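Below is one structure, written out as structure tokens, with a few remarks after it.
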Amino acid sequence: MANDIEFSFEALSRKTGVLSVYGQGLAARQFNGSISELSYMGSGRRYSRYQITLVPQLWFLTQRQDCRIFQNKTAPDIIRHVLDDAGMSDYRFELAGQYQEKDYVLQYRENDHHFVQRLLAEHGMWFYFEHSDAAHTMVIVDSNDAIPELVSTPLNASYLGPMLYHSQISFNMPSRLNVSC
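See the structure below:
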């Protein structure tokens, strides 16, 4: 919600935000991301409603497509090159295995996200994100031993506070802006 009707998508585009999910009155989980989409949902007497979509930095790789050849590099080196080239700096590798250099690897009319996903899958690697209120870090692993244990928080479902119901009967599509690179 915003009380400023002259809200600019350009002012928020690619800015970071945090979604905090509370359980038992404490912040149980935080999800940090960048704004990829802003939808205007309508206005009331005092406020305008917007819907914001937060995505990890990795999502922006879906907006980049390339044709290139990598020669005499390991899969982690290629992935590191693609992430660096896209301006991603919050990532790290926690790999147990050794990776041999490939004579060549081809990216042909493939977006960077699909290319990275393909390399990860071909070499038995995967990733998860570590979130904080300030940033999120992509952690690339190849062993279950590298994954930290998930912290669970009990949810008191007997009282969830006052329920707010919202219905909007309208056949108009909301104004919507997306980020593209």
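Numbering follows full-length UniProt numbering, in which position 51 of the sequence shown is assigned residue number 51; successive positions increment by one, without gaps. No residue lacks a Cβ here, since even glycine has one placed at the ideal position from N, Cα and C. Here the structure is a predicted model, which is why all the values come from computation and not from measurement.
Query                                                                                        : Result
CB of H123 within 8 angstroms of CB of F129, strictly                                        : no
T62 - DSSP class collapsed to helix/strand/coil                                              : helix
CB of W126 within 8 angstroms of CB of V116, strictly                                        : no
Contact with chain B by S132, beta-carbon distance below 8 angstroms                         : This model lacks chain B altogether, as it is built from one protein chain only.
Member of A75, I79, D103 and N72 whose CA lies at the smallest distance from the CA of L58   : I79
Beta strand (DSSP E) segment containing R92, residue limits                                  : Y91 to E94
Presumed contact (8 angstroms Cβ cut-off) between Q71 and Y108, rounded CB distance          : Q71 to Y108, Cβ: 15 angstroms. No contact.
Per-residue DSSP class, three states only, for I147                                          : coil
E101 to S34 span [Cα, whole Å]                                                               : 34 angstroms
N144 versus Y50: straight-line alpha-carbon distance, rounded                                : 39 angstroms
Buried/exposed call for D85, threshold 16 Cβ in 10 Å                                         : exposed
Coarse secondary structure for M173, derived from DSSP in three states                       : Confidence is the limiting factor: at M173 the pLDDT is only 45, short of 50, which leaves the residue's position unreliable, though a coordinate-based value still follows. Looking at M173 - three-state DSSP - the assignment turns out to be coil, as it is neither helix nor strand.
3 or more residues per run - each beta strand (DSSP E) lying fully within the segment 40-124 : 48-55, 65-73, 91-94 and 102-111
Check whether residue 197 and A75 have beta carbons under 8 angstroms apart                  : It is not possible to answer for residue 197, since the shown part of the chain is limited to 1 through 181.
Burial state of V82, where buried means 16 or more other Cβ atoms lie within 10 Å            : buried
Extent of the continuous alpha helix (DSSP H) to which A11 belongs                           : F9 to L12
Where S20 falls: helix, strand or coil (DSSP)                                                : strand
Nearest candidate by alpha-carbon position, reference Y91, set S48, P56 and Q98              : P56
S31 vs H131 beta-carbon contact at 8 angstroms                                               : Note on residue identity: the sequence assigns Phe, not Ser, to residue 31. Contact: yes.
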